[in-house]
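Participant: Here's a structure for you.
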Amino acid sequence: MAQPKYLTKIDQIKQISEEERERLKKITEKFVFRVNEYYLSLINWEDPNDPIKNLVIPNEGELEEYGRWDASDEDTNYVVPGCQHKYETTALLICSEVCGAYCRYCFRKRLFRNDVKEAMIDVNPGLEYIREHPEINNVLLTGGDPLILATKKLRYIIEELRSIPHVKIIRIGSKLPVFNPMRFYEDEELLKLIREYSTADHRIYIMAHVNHPREITEEAKKGFQALHDAGAVIVNQTPVLKGINDHPDDLTELLDKLSWAGVTPYYFFINRPVAGNNDFVLPLKEAYDAVEEAKARTSGLGKRIRLSMSHTSGKIEILAVEDGKAYLKYHQSRDGQYGRFMVLDCPEDASWFDDLPGNEQYWHQPEKKVEDVVSVNDMPDIPQKQNKRARAASR
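Following this line, the structure appears as structure tokens:
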């Protein structure tokens, strides 16, 4: 299987000027850079505001004072190294710290720091935890991008999960269907693995991350078809991002093209207040209005989408933002508050749950379950360099 060429230094991007590359180097010292030639080919370099470019090429706004490295306090969700258990029936295995390219808005960009070790090559502690907790009926493989792992590694993880009777659903979070769609129609071993373990009773779900309709190329559609034919179910989730997909026209086209390709629109998210994400921030009212206008134009299939915030306390669905009020509901809750309805004042510039006056009455800051997970929010703002040998030894 041919692999796309990966570029990890900004000087390799000859489509931008040498002067701009020099300016961007200070950003890549803090936030890692990686892209592949296939994805670069989707960029219209004549357009300075090209949304595909904005997704993967660093921007100077990343150095502005904003947000936290771990905006949803995922350090409090870990139960063993590499495994999070926030909601009763769902566990996460953080099994990769690499992606096909690095989205500039990524809410887990902390994983790509040289001095952070949340993703685990050895998933056995997490598998054993899941085995010992029968309330867990679905497991999400995430990272990083699990589908960048070798098929042999994926097979081990999936076979182990399928040997646990109470695990009914396996989900795989991935942007590879649009970063490197060729893998899905060229890697017969991967398709064979999915055919074996995505069955009528126990499906494998691909949680795709398609942000913009231009990512749905002929190659991407061919990849979707290969996954469908292998028995996988594909759904899509994306944040609504300023400068990328915040126009209702883009969101409508995305909902339509996903539905036409048999990919279920699943979540629109509010962009998390993560360090470096300032340029992507939209007020809640603007995001809500753009989504509602898009939903009004699309079919009932597209209207299945939910607009939510992945907050420390849970997934908070935005039901409406009208007349200065936000109407919200806990779609999922760390503390068993599922379905709780909330009405809060919504200032014009509010862009996150914490910006809404009175939000603190509905949740409290959780404590860590295990102390040996270091909170990235407590680490130096600039990643500390660590040589590869020392990093490997620490694993």
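The working numbering puts the sequence shown at residues 119 to 513.
For each residue, glycine too, the CB sits at the ideal point set by N, CA and C.
Could you tell me whether the stretch 230-244 touches the stretch 487-504, using the rule of 3 or more Cβ pairs below 8 Å?
Facilitator: The stretch 230-244 is in contact with the stretch 487-504.
Participant: Can you give me the start and stop residues for the beta strand (DSSP E) that F302 sits inside?
Facilitator: Element bounds for F302: not the beta strand (DSSP E) but the alpha helix (DSSP H), M300 to E304.
Participant: Quick one: residues in its chain with C-beta nearer than 8 Å to the C-beta of R507, no 5 flanking neighbours on either side, listed in chain order?
Facilitator: Note on R507: pLDDT 42, under 50, position unreliable in the model; the coordinate value appears next. Closer than 8 Å at the Cβ level, and outside the excluded window around R507, lies no residue.
Participant: Taking just the CA atoms, how far does V198 sit from A551?
Facilitator: Past the boundaries of the shown model lies residue 551; the chain is included only from 119 to 513, so the question cannot be answered.
Participant: With C-beta atoms as the reference, is N389 less than 8 Å away from N363?
Facilitator: No, Cβ-Cβ distance for N389 and N363 is not below 8 Å.
Participant: What are the boundary residues of the beta strand (DSSP E) that includes D463?
Facilitator: First-last of the beta strand (DSSP E) with D463: F459 to D463.
Participant: Just verifying my parser: in three-state terms, what is the DSSP assignment at L116?
Facilitator: Residue 116 is absent from the model: the chain starts at 119 and stops at 513.
Participant: Taking only three categories from DSSP, how would you classify N354?
Facilitator: Here N354 sits in strand by DSSP.
Participant: Would you mind reading off the limits of the alpha helix (DSSP H) that contains S377?
Facilitator: First-last of the alpha helix (DSSP H) with S377: P366 to W378.
Participant: Quick check: what's the CA-CA separation for L211 versus K487?
Facilitator: Approximately 16 Å between the Cα atoms of the pair.
Participant: Using 10 angstroms around the beta-carbon of S431, count the other beta-carbons present and answer buried if the total reaches 16, otherwise exposed.
Facilitator: Flag for S431 reads buried.
Participant: Which residue from I288, D467 and A219 puts its Cα closest to that of K403?
Facilitator: Of the candidates I288, D467 and A219, the one whose C-alpha sits nearest the C-alpha of K403 is D467.
Participant: With 16 as the cutoff for other CB atoms within 10 Å, does R141 come out buried or exposed?
Facilitator: Under this definition R141 is an exposed residue.
Participant: Following the continuous alpha helix (DSSP H) through I170, name the residue where it begins and the one where it ends.
Facilitator: Here the alpha helix (DSSP H) through I170 covers P169 to V174.
Participant: With distances taken between CB atoms, is the gap from A219 to V150 smaller than 8 Å?
Facilitator: No. Outside cutoff.
Participant: Could you tell me the alpha carbon to alpha carbon distance between E336 and P299, rounded to whole angstroms?
Facilitator: E336 and P299: Cα-Cα distance of roughly 9 Å.
Participant: Less than 8 Å between the C-beta atoms of A326 and S292, yes or no?
Facilitator: Yes, the Cβ-Cβ distance between A326 and S292 is below 8 Å.
Participant: By the DSSP assignment, the beta strand (DSSP E) with R222 in it spans what residues?
Facilitator: R222 -> no beta strand (DSSP E), and no H or E assigned at all.
Participant: Quick one: grab the DSSP three-state call for F387.
Facilitator: In this structure, F387 counts as strand in the three-state DSSP scheme.
Participant: Are the stretch 247-258 and the stretch 277-296 in contact at 8 Å, needing three or more beta carbon pairs?
Facilitator: Yes, they touch.
Participant: So, helix, strand or coil for K433, using DSSP?
Facilitator: K433 falls in the strand class under three-state DSSP.
Participant: Under DSSP, the beta strand (DSSP E) around L289 begins and ends at which residues?
Facilitator: Per the sequence presented here, residue 289 reads as Arg, with Leu not at that position. It spans I287 to S292 - the beta strand (DSSP E) in which R289 sits, taken as one unbroken run.
Participant: Report yes if the CB atom of L373 is closer than 8 Å to the CB atom of I423, and no otherwise.
Facilitator: Yes.
Participant: Please return the same chain residues whose Cβ sits closer than 7 Å to the Cβ of R509, not counting the five positions on each side in sequence.
Facilitator: Below a pLDDT of 50, predicted positions are generally treated as unreliable, and R509, at 44, falls in that range; no measurement from the model is reported.
Participant: Secondary structure at A523, three-state DSSP: helix, strand or coil?
Facilitator: Given that the chain is displayed from residue 119 to residue 513, the structure contains no residue 523 and the question cannot be resolved.
Participant: When you compare each of E307, T146, G418 and Y385 to K127 by their alpha carbons, which one comes out closest?
Facilitator: Cα-wise, what sits closest to K127 is T146.
Participant: Is the number of C-beta pairs between the stretch 475-490 and the stretch 410-426 that are closer than 8 Å three or more?
Facilitator: Short answer: they don't touch.
Participant: Can you tell me the Cα-Cα spacing of N396 and P166, whole angstroms?
Facilitator: So the alpha carbons of these two residues sit roughly 18 Å apart.
Participant: What is the rounded straight-line gap between the Cα of Y385 and the Cα of A344?
Facilitator: Those two C-alpha atoms are separated by around 23 Å.
Participant: Secondary structure at A444, three-state DSSP: helix, strand or coil?
Facilitator: Of the three classes helix, strand and coil, the one that applies to A444 here is strand, per DSSP.
Participant: From the DSSP secondary-structure annotation, give me the bridge partner or partners of C201.
Facilitator: Looking at the DSSP assignment, C201 forms a beta bridge with V198 and L211.
Participant: Quick one: is A348 buried, meaning 16 or more other Cβ sit within 10 Å of its Cβ, or exposed?
Facilitator: A348 should be labelled buried.
Participant: Along the chain, where does the alpha helix (DSSP H) containing A468 start, and where does it finish?
Facilitator: It is not in any alpha helix (DSSP H) - A468 carries neither H nor E in the DSSP assignment.
Participant: Assuming S428 and F459 form a contact by the criterion Cβ under 8 Å, report the distance between their Cβ atoms to the nearest whole angstrom.
Facilitator: Wrong, their Cβ atoms sit about 19 Å apart, outside the cutoff.
Participant: Assuming E524 and S426 are in contact, meaning their beta carbons sit under 8 Å apart, how far apart are those beta carbons, in whole angstroms?
Facilitator: No answer is possible for residue 524: it lies beyond the span of the chain, which begins at 119 and ends at 513.
Participant: For W163, count neighbouring C-beta atoms within 10 Å of its own C-beta (all shown protein chains included) and say buried if the count is 16 or more, exposed if not.
Facilitator: By the 10 Å Cβ count, W163 comes out exposed.
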